[in-house]
Amino acid sequence: MRKTNALAFAALGTVLTMGLAACGGTAGGGGNTSSGNKATDGAAASTAKYNDAYTKVVNPSDAKGGTLKFALTNEPDSTDPGNTYYAWNWNFTRLYARPLMTYTAQPGEAGLKLVPDLAESAGEVSADGKTWTYKLKKGIKYDDGTEVKAADIKYAVARSNFTDELTDGPKYFALYLDAGDYKGPYKDKNLDDFKGIETPDDYTVVFKLKAPFSEFDFLVSNPQTAPVPQAKDTGVDYEKAVVSTGPYKFESYEVGKQLNLVRNTNWDPATDTTRKQLPDRIEVQYGQNGEDIDNRLIAGQIQVDLAGTGMQPAGRAKVVSDPKLKDSTDNPFTPFNRYAMMSTKVKPFDNVECRKAVQYATDKTATQAPWGGPLGGEIGTTAMTPTTVGYKQFDLYPNGADHKGDLTKAKEALTACGQPNGFEANLAVRGDRTKEVQVAEALQASLARVGIKLTIKKYPSGDWSAQYAGKPDFVHKNNLGIMIAGWGADWPSGFGFLSQIVDGRAIKPSGNYNQMELNDPAINELLDKGIQTPDATARNEIWAQVDQKVMESAAFMSFVYEKTLIFRPSNLTNVYVHPAWGMYDYTWLGVKQ
Amino acid sequence: MPGSDPPGHSGRTIVVAFIVRRVIAAVLMLAVVSMATFAIFFLIPRALGQTPEGMASRYVGRDATPEAIQGAVKRLHLDDPLLVQYGRFAQGIVAGQDYSLGPKKAECPAPCFGFSFNNNQPVWPTLLDRLPATLSLAIGAAVLWLVTGVSIGVVSALRRGSVLDRAAMTVALAGVSLPIYFTGLLSLSVFAYTLGIFPGGGSYTPITENPVMWFQALVLPWITLAFLYAALYARLTRAGMLETMGEDYIRTARAKGLRERTVVTKHALRATLTPILTIFGLDLGLLLGGAVLTESTFSIQGIGKLVIDAIRGNDLPVVLGVTLFAAFFIVLANLIVDILYAVVDPRVRLS
Numbered sequence: 004m005r006k007t008n009a010l011a012f013a014a015l016g017t018v019l020t021m022g023l024a025a026c027g028g029t030a031g032g033g034g035n036t037s038s039g040n041k042a043t044d045g046a047a048a049s050t051a052k053y054n055d056a057y058t059k060v061v062n063p064s065d066a067k068g069g070t071l072k073f074a075l076t077n078e079p080d081s082t083d084p085g086n087t088y089y090a091w092n093w094n095f096t097r098l099y100a101r102p103l104m105t106y107t108a109q110p111g112e113a114g115l116k117l118v119p120d121l122a123e124s125a126g127e128v129s130a131d132g133k134t135w136t137y138k139l140k141k142g143i144k145y146d147d148g149t150e151v152k153a154a155d156i157k158y159a160v161a162r163s164n165f166t167d168e169l170t171d172g173p174k175y176f177a178l179y180l181d182a183g184d185y186k187g188p189y190k191d192k193n194l195d196d197f198k199g200i201e202t203p204d205d206y207t208v209v210f211k212l213k214a215p216f217s218e219f220d221f222l223v224s225n226p227q228t229a230p231v232p233q234a235k236d237t238g239v240d241y242e243k244a245v246v247s248t249g250p251y252k253f254e255s256y257e258v259g260k261q262l263n264l265v266r267n268t269n270w271d272p273a274t275d276t277t278r279k280q281l282p283d284r285i286e287v288q289y290g291q292n293g294e295d296i297d298n299r300l301i302a303g304q305i306q307v308d309l310a311g312t313g314m315q316p317a318g319r320a321k322v323v324s325d326p327k328l329k330d331s332t333d334n335p336f337t338p339f340n341r342y343a344m345m346s347t348k349v350k351p352f353d354n355v356e357c358r359k360a361v362q363y364a365t366d367k368t369a370t371q372a373p374w375g376g377p378l379g380g381e382i383g384t385t386a387m388t389p390t391t392v393g394y395k396q397f398d399l400y401p402n403g404a405d406h407k408g409d410l411t412k413a414k415e416a417l418t419a420c421g422q423p424n425g426f427e428a429n430l431a432v433r434g435d436r437t438k439e440v441q442v443a444e445a446l447q448a449s450l451a452r453v454g455i456k457l458t459i460k461k462y463p464s465g466d467w468s469a470q471y472a473g474k475p476d477f478v479h480k481n482n483l484g485i486m487i488a489g490w491g492a493d494w495p496s497g498f499g500f501l502s503q504i505v506d507g508r509a510i511k512p513s514g515n516y517n518q519m520e521l522n523d524p525a526i527n528e529l530l531d532k533g534i535q536t537p538d539a540t541a542r543n544e545i546w547a548q549v550d551q552k553v554m555e556s557a558a559f560m561s562f563v564y565e566k567t568l569i570f571r572p573s574n575l576t577n578v579y580v581h582p583a584w585g586m587y588d589y590t591w592l593g594v595k596q
Numbered sequence: 016m017p018g019s020d021p022p023g024h025s026g027r028t029i030v031v032a033f034i035v036r037r038v039i040a041a042v043l044m045l046a047v048v049s050m051a052t053f054a055i056f057f058l059i060p061r062a063l064g065q066t067p068e069g070m071a072s073r074y075v076g077r078d079a080t081p082e083a084i085q086g087a088v089k090r091l092h093l094d095d096p097l098l099v100q101y102g103r104f105a106q107g108i109v110a111g112q113d114y115s116l117g118p119k120k121a122e123c124p125a126p127c128f129g130f131s132f133n134n135n136q137p138v139w140p141t142l143l144d145r146l147p148a149t150l151s152l153a154i155g156a157a158v159l160w161l162v163t164g165v166s167i168g169v170v171s172a173l174r175r176g177s178v179l180d181r182a183a184m185t186v187a188l189a190g191v192s193l194p195i196y197f198t199g200l201l202s203l204s205v206f207a208y209t210l211g212i213f214p215g216g217g218s219y220t221p222i223t224e225n226p227v228m229w230f231q232a233l234v235l236p237w238i239t240l241a242f243l244y245a246a247l248y249a250r251l252t253r254a255g256m257l258e259t260m261g262e263d264y265i266r267t268a269r270a271k272g273l274r275e276r277t278v279v280t281k282h283a284l285r286a287t288l289t290p291i292l293t294i295f296g297l298d299l300g301l302l303l304g305g306a307v308l309t310e311s312t313f314s315i316q317g318i319g320k321l322v323i324d325a326i327r328g329n330d331l332p333v334v335l336g337v338t339l340f341a342a343f344f345i346v347l348a349n350l351i352v353d354i355l356y357a358v359v360d361p362r363v364r365l366s
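Written as structure tokens, this is what we have:
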């Protein structure tokens, strides 16, 4: 564990006091861990250094007032907390929507612990592991002054998971709740017909599951448990007038253009251990030019690039070459692993030795370069990423001290595979993603060194999952041996990261993310065992075992654990990188006037 | 010049008939454009093997289950025959349509150009909402480039070979060559973020809200966009003027003893302007359909920005709507240019 930290820190070139690579986070832990006063830890504005906000609060301040300005290159899928699937939006919606549980407001590993938000405490689980009960804090109000009721949470889950109209968010509750053939609240107006959740009184929410699920606290931390009164629901239009439970409420919203938030006077900080309410207003501009966003950040005209995916290449080049500007940046891990999957159903990758040959022959410094070098990602050797709870560092296919490839071992593997002179194969990539295409070219050059000749096949990213790499039939027909992809967990645990991409039962005829079609009964069983294990430490051990097994298959090859370079304007206060999002905690920010 | 007109009544009839004919042709043209674009977005993908489910998968989230995709197919009627789908689209333009948003229906009143399923908005009101920004940008820039471009072109032509001519043509060459996203970002960097004279990107404000801010925010986009076109127009005007100044009738005009100023403005410039006007009409029409690069560079939420975002997001109804909208402006601009021709060039009127 410590070794991992040391490696990560060396790459960062900074001294960090706590590692995100550590395992053993108490996922599902409860208690009233308050972090409301962490702000006193921070450094003063003038002395903040590169990556400071990664480990502590920079520019700490409780000064209120001003307008905090966000800008975004595109627009959200929806501002409706129940209908969104962007990580940044799960971070941002917490400004106006409180779920049952949320993450501790702290940088580093501590931030991955869950704390109750609308709930009084973490969920109480029944002996059979299939019933999770949450008690609501009393007296929590919407922005119109009415009180939050348990039925509103039940309704919020029903609308976000059981309707044809709200399609943008994930459907975990539909997958795990024992709801029979419930048709959803738009077809069946009687909420009593929704048996997956019971509300015995106004302050108790009881989730009924099909099977034990030990990380349920993580699921209810997603914004879909933020309450929605049935009378206020207008379906997909609800995004225009979301009812607020957080420190801010909607003032105006022009779809695709601008969202303005103002203080919610009915938000009671006494009930909320994780948020602040510093700026008077929050303005978000959508559809802004990416290069211009960077320039406006540097000029201090806006404070945050909402997407949290970091600066554009031009802006990045500008700040890293200027030590003063570089001190105003942070370089956190994102939840993403950028990797290649080798299809276990396409020859000759159906032979594990041929897959190993790829692992050994790849020059990982060359495949790291398109992401922006070390600033864009740390070279990866596992499926799980360093900010996933349960992550353990290991490398089954060491390819030289400098990661440039071990060609001797690669040739041995090729011989063992029966292809001593190499072979020809197809490499699929999203043709409209420049970085991924460059990675494909680097991989092509790497493997050519041992006689593996790759032909790059480009497909549009829009239909990548539905029509091409995510469609096993298509993969087989077109002999797509290697596919370049990426994955970020919906919640930072081994299960949250791995279940969709390595579980053999998650292989789908279309929209498939287990593109290697790995269907190892041992992995499937471990995933089941893990999610039914109540003890977090034991559970996290199991996730590490799954990771080990996945890497033993050699079908998964990580290029980088992605990192971003975020600019931190000097007029932004109370800034720290929250590890669950890999971006600033948007509910903590303030602005100097 | 009433004296040179054909007898009054029949002249008006000819003009009215001409306009009516052109309007009918324009409407027919738009119908054909709507069919062609509809075919491009819906017929060709189907012909290439795209299934209704494949098309619907673009409208559901990342975690699309087969049920969600089927739901979208039904909701969007993607499994109907294409002719029925086109019929519904055309009917929507004439009579409006309703869409299910969940607990309530959304009305998309006529002319319903369709309904964006990326952001759940009817396309027509979105277009109207984005139009003022594009109009502000395009018209302001057009005035600027027409005045500066033509003036520089004339001066350059009259002082051919002078330092002024060479300097103007060098700048013009730069203007034609440099992409807007370069000149735009450069101008923002210098005038907004370094000197602080003008506001930065994303500061466009509707004229109805704050006229001063509207003007300030548009100065840089106007200049950037006009720089490109002015350069082009200067070169065109210069070439046209040089050609015209060598014509016999210019020599005749001079021989009659007319002042040089009259020769240039009344005789030479008028002839030169005819082709310029044609191009101007087309350029302006195109720009009203969206100044994609300028709007993107300066983060102005106009039609051009709308369509580029729609293309990136695979939002077919919006792309379809903007295409029709832009086609309308181009057809309209052509019509106006044809009429203006008659004003500028008496030869057109006589024929």
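Sequence lines, in order, name chains A and B.
Each residue of the first sequence is one higher than the one before, counting from 4 in the working numbering.
Each residue of the second sequence is one higher than the one before, counting from 16 in the working numbering.
We treat Cβ as the ideally placed atom computed from N, Cα and C, and that holds for glycine.
Small disclaimer: the values here were computed from a predicted structure and weren't measured.
For glutamine 371 of chain A, there is no enclosing beta strand (DSSP E); the residue is part of the alpha helix (DSSP H) that begins and ends at 367–371.
Taking C-beta separations shorter than 6 Å and ignoring five residues to either side along the sequence, the partners of phenylalanine 176 of chain A in its chain run Val160 and Asn164, following chain order. For the stretch 281–313 of chain B, the residues whose beta carbon sits under 8 Å from a beta carbon of chain A are, in order, Ser311, Thr312 and Phe313. The residues Gly296, in chain order, have a CB closer than 8 Å to that of isoleucine 351 of chain B in the same chain once the five nearest residues on each side in sequence are set aside.
At a cut-off of 8 Å between C-beta atoms, aspartate 94 of chain B does not count as an interface residue with respect to chain A.
If you draw a straight line from the Cα of histidine 406 of chain A to the Cα of leucine 417 of chain A, it comes to about 19 Å. Within the DSSP bridge table, the entry for isoleucine 285 of chain A names A/Leu71 and A/Leu264 as partners. Beta-bridge annotation (DSSP): leucine 212 of chain A is paired with A/Leu180.
The three-state reading of DSSP puts leucine 288 of chain B in helix, counting H, G and I together. For the pair alanine 431 of chain A and lysine 460 of chain A, the CB atoms are nearer than the 8 Å cut-off. About 6 Å separates the beta carbon of valine 245 of chain A from that of threonine 82 of chain A, a gap short enough to meet the 8 Å contact definition. The beta carbon of valine 209 of chain A sits no closer than 8 Å to any beta carbon of chain B. Note on the stretch 223–307 of chain B: there is no whole beta strand (DSSP E) run with a minimum of 3 residues. Between the C-alpha atoms of glutamine 231 of chain B and tyrosine 289 of chain A there is a straight-line separation of about 21 Å. The Cβ of aspartate 324 of chain B sits closer than 8 Å to at least one Cβ of chain A.
Taking 8 Å as the upper bound on Cβ-Cβ separation, chain A lies near residues Ser115, Leu116, Gly117, Pro118 and Lys119 of the stretch 103–120 of chain B.
Listed along the chain, the chain A residues whose CB falls inside 9 Å of the CB of asparagine 349 of chain B amount to none; the nearest CB is some 30 Å away. With respect to chain B, the C-beta atom of glycine 311 of chain A has no partner C-beta closer than 8 Å.
For tyrosine 196 of chain B, the enclosing alpha helix (DSSP H) starts and ends at 195–202. The bridge partners DSSP lists for asparagine 340 of chain A are A/Trp490 and A/Tyr564. Only residues of its own chain outside the window of five on either side were considered, and among them Thr259, Val278, His282 and Ala283 have a CB closer than 7 Å to the CB of isoleucine 265 of chain B, listed in chain order.
A distance of 8 Å or more separates the beta carbons of methionine 554 of chain A and methionine 344 of chain A. Residues of the stretch 55–72 of chain B with a Cβ closer than 7 Å to any Cβ of chain A, in chain order: Gly69 and Ser72. Around the beta carbon of histidine 581 of chain A, a 10 Å sphere encloses 16 or more other beta carbons of the protein chains shown; the residue is thus reported as buried. Using a Cβ-Cβ cut-off of 7 Å, lysine 260 of chain A is close to Gln316 of chain B, given in chain order. Taking 8 Å as the upper bound for CB-CB distance, aspartate 204 of chain A and alanine 153 of chain A are in contact here, some 7 Å apart. Contact residues of the stretch 164–175 of chain A toward chain B are Thr166, Asp167, Glu168, Leu169, Thr170, Asp171, Gly172, Pro173 and Lys174 (C-beta to C-beta distance below 8 Å). Listed along chain A are Gly290, each with a C-beta nearer than 7 Å to that of lysine 320 of chain B. Among the bridge pairs identified by DSSP, asparagine 429 of chain A is matched with A/Thr458 and A/Leu483. Sequence-distant Cβ neighbours of lysine 456 of chain A in its own chain, meaning closer than 6 Å and more than five residues away, are Glu427. Taken in chain order, the whole beta strand (DSSP E) runs of length 3 or more contained in the stretch 88–126 of chain B are 112–115 and 120–123.
At a cut-off of 8 Å between beta carbons, serine 177 of chain B makes no contact with chain A.
Those residues of the stretch 131–147 of chain B placed with their C-beta closer than 7 Å to a C-beta in chain A are Asn134, Asn135 and Gln136, ordered along the chain. With contacts defined as CB atoms closer than 8 Å, asparagine 517 of chain A and glycine 393 of chain A fail to qualify as a contacting pair.
Note that the C-beta distance between asparagine 481 of chain A and arginine 508 of chain A is not below 8 Å. Here the stretch 118–131 of chain B makes no contact with the stretch 194–213 of chain B; the two share fewer than three CB pairs at distances below 8 Å.
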